[in-house]
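The next block holds one structure in the form of structure tokens; read it before the comments.
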Amino acid sequence: MSAHQGRNEAFHSVNLVDRLPENIESIETWENNLLVGTTSGTLIKFRVAEKPAPEKRNNISLEKSWRGWSKKPITQLCALTRHRVLVSICDGCIALHKLDKVEEKFHTLKNTKGCTCFAVDRTRPTLTICVGLKRKLLIYRLENHVMVEKKELSIPDVPKSLHWCGDAILVGLKKEYILVSAGSNATVEIAQNRSAVESSCLVPQDQVMLTKDGQSVFVNFDGKVGRRYRINWTETPAAVSYNFPFALAILGKDKGVEVRTAFSESTSFVQHIPLKGAKVIVVRDQDAHFAELDELPAADIFVAAQHHIWKLLPVPLFDQVDDLMRAEEFEAALTLCSNIPADKYRKQ
0 MSAHQGRNEA
10 FHSVNLVDRL
20 PENIESIETW
30 ENNLLVGTTS
40 GTLIKFRVAE
50 KPAPEKRNNI
60 SLEKSWRGWS
70 KKPITQLCAL
80 TRHRVLVSIC
90 DGCIALHKLD
100 KVEEKFHTLK
110 NTKGCTCFAV
120 DRTRPTLTIC
130 VGLKRKLLIY
140 RLENHVMVEK
150 KELSIPDVPK
160 SLHWCGDAIL
170 VGLKKEYILV
180 SAGSNATVEI
190 AQNRSAVESS
200 CLVPQDQVML
210 TKDGQSVFVN
220 FDGKVGRRYR
230 INWTETPAAV
240 SYNFPFALAI
250 LGKDKGVEVR
260 TAFSESTSFV
270 QHIPLKGAKV
280 IVVRDQDAHF
290 AELDELPAAD
300 IFVAAQHHIW
310 KLLPVPLFDQ
320 VDDLMRAEEF
330 EAALTLCSNI
340 PADKYRKQ
């Protein structure tokens, strides 16, 4: 659990799963549950302890696994607690399962075979899904208990990632990001990327943090620059995440996770967590975390490699301030303290 520190330690890492006999493709969490999608199509469900016991290395129990849950790799999972639905890429299509009974598929979206990714609009009361399929986007909405295809939008290349941004969809392509209006199909180019690596995530205040050429920039849902500053990573991230008030990045094979501050003009290095082979990163309970992303205390983060899963536990912000004070990093302590909303993060 060692980590190379900058000025303070923002997260503690806990080894949850070691040497899983399946290759991990995707992970998802809700409440105290952890789902793992594998290359073979097996779905595995774990139960994670609310608080890790100091004397135990692992604080997780295997509940059940379903071999043959999918005939193809399970490349994406999304748990929607509001709807009690699990959305996934299963058998190469978009499938819906009941969250409390994931072994039973109750709906497959028509015309989605061969899809590469999807995004769920978590802000709408009605279940709405955008699916990336070849060079087009398909939008589905729940009507009378049935998912109905509402629209087809053209895009210039195969999408690698999708995010709902209000009434538009941010599409990550091989070497650029575009914003596509779900209403008019109007397209706005957001940024070009010289490298073939794309990574992005939603952040507070109706913004997206997207990465290009080793830097993360903040873009509003209208496609305009949202913040004047950028985050300069040690190298181009393979995946990024946001957990107030920090940005996290997986730096590629065997490089682990880098943590940097993500407020005001300060985007300084905070911590390096050496998680070998890390490739997937998710924030626990996305529905609750997204609902008030800039108001909730930092949530637990799960990171997966091919056969391993770790949990990153956020260090309470005021404890970080105390650590900085003890290290005589007074300016850093003041900066961090000034970015903690007083009505949300009172020290107990």
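Going left to right, the sequence shown walks through residues 0 to 347 as numbering that gives the first Met the number 0 numbers them. Every residue gets a Cβ at the ideal spot worked out from N, C-alpha and C, and that includes glycine. Fair warning: this is a prediction, and the values are worked out from it, not measured in the lab.
Can you tell me where the alpha helix (DSSP H) with F243 in it begins and where it stops? For F243, no alpha helix (DSSP H) run applies, since DSSP gives it neither H nor E.
Give me the DSSP bridge partner(s) of P158. The partner list for P158 (beta bridge, DSSP) is empty, contrary to what the question assumes.
Is there contact here, the segment 116 to 131 with the segment 160 to 167, by at least three beta-carbon pairs under 8 Å? yes
Just to confirm, are L79 and V47 a CB contact at a threshold of 8 Å? no
Alpha carbon to alpha carbon, how far is R66 from D221? Give it in angstroms, no decimals. 43 Å
For D17 versus H307, is the C-beta distance shorter than 8 Å? yes
Between V269, L274, N58, I168, which has its C-alpha nearest S183's C-alpha? Taking only the C-alpha atoms, the option nearest S183 is I168.
Check whether the segment 255 to 269 and the segment 5 to 14 are in contact - that is, three or more C-beta pairs closer than 8 Å. yes
Round the Cβ separation of K173 and D156 to the nearest angstrom and send it over; I've been treating them as touching at under 8 Å. Here K173 really is in contact with D156; their C-beta atoms are around 6 Å apart, less than 8 Å.
Measuring alpha carbon to alpha carbon, tell me which of C200, T107, N58, T235 ends up nearest N219. Closest by alpha carbon: C200.
Give the C-beta separation of L247 and I300 to the nearest angstrom, bearing in mind that I take them to be a contact with Cβ-Cβ under 8 Å. 7 Å
Please report how far the alpha carbon of K97 lies from the alpha carbon of G40, in whole angstroms. Straight-line Cα distance between these residues: approximately 18 Å.
May I ask you to check if the CB of T38 is nearer than 7 Å to at least one heavy atom of the ligand PLP? The ligand PLP is not among the ligands present in this structure, which contains no ligands whatsoever.
Helix, strand or coil for L323, going by three-state DSSP, please let me know. helix
Length of the line joining the Cα atoms of H288 and V202: Low confidence applies here, because H288 scores a pLDDT of 45, under 50, leaving its location unreliable and the question unanswered by this model.
As assigned by DSSP and simplified to three states, the class of T186: strand
Relative to the alpha-carbon of T210, which residue among F243, A185, N242, L250 has its alpha-carbon at the smallest distance? L250
Thinking C-alpha only, which one of I59, P72, E49 is nearest L42? Minimum Cα distance to L42 is reached at P72.
If you count every other CB in all the chains shown that lies within 10 Å of the CB of I223, and 16 or more means buried, which is it? The question names Ile, but residue 223 in the sequence shown is Lys. Under this definition K223 is an exposed residue.
Cβ neighbour criterion (16 or more within 10 Å) applied to K254: buried
From what residue to what residue does the alpha helix (DSSP H) around F329 run? 329 to 337 is the span of the alpha helix (DSSP H), which, as asked, contains F329.
N406 versus K44 - alpha carbon distance: No answer is possible for residue 406: it lies beyond the span of the chain, which begins at 0 and ends at 347.
Considering only C-alpha positions, which residue in the set V179, R123, H144, P124 is nearest to K150? V179
Here's a check: name, in chain order, each residue in its chain whose Cβ is nearer than 6 Å to the Cβ of D322, leaving out the five neighbours to either side. Shown here for D322: same chain residues with a beta carbon closer than 6 Å to its own, the five before and five after excluded, namely N7 in chain order.
If we require 3 or more residues per run, which beta strand (DSSP E) segments fall completely within the segment 205 to 284? 206 to 211, 214 to 219, 238 to 242, 245 to 249, 256 to 260, 268 to 272, 279 to 282
Euclidean distance between Cα positions of Q347 and Y241: Per-residue confidence for Q347 stands at a pLDDT of 42, beneath the threshold of 50, marking its modelled position as unreliable; the derived number appears in the next sentence. Distance between the alpha carbons of Q347 and Y241: 25 Å.
Are the Cβ atoms of A304 and L274 separated by less than 8 Å? yes
Comparing C-alpha positions only, which one of S215, A185, E24 sits nearest to C116? E24
Does the Cβ of P244 have 16 or more other Cβ atoms within 10 Å, making it buried, or fewer, making it exposed? buried
Run through DSSP, which three-state label would L108 get? Three-state DSSP puts L108 in coil, outside helix and strand.
Option in R81, D99, R83, H106 with minimal Cα separation from D90: H106
Residue of H144, N231, T37, I230 minimising C-alpha distance to H82: Out of H144, N231, T37, I230, H144 has the C-alpha closest to the C-alpha of H82.
Using DSSP with H/G/I as helix, E/B as strand and the rest coil, what is L316? In the structure shown, L316 sits in a helix (DSSP, three-state: H, G or I).
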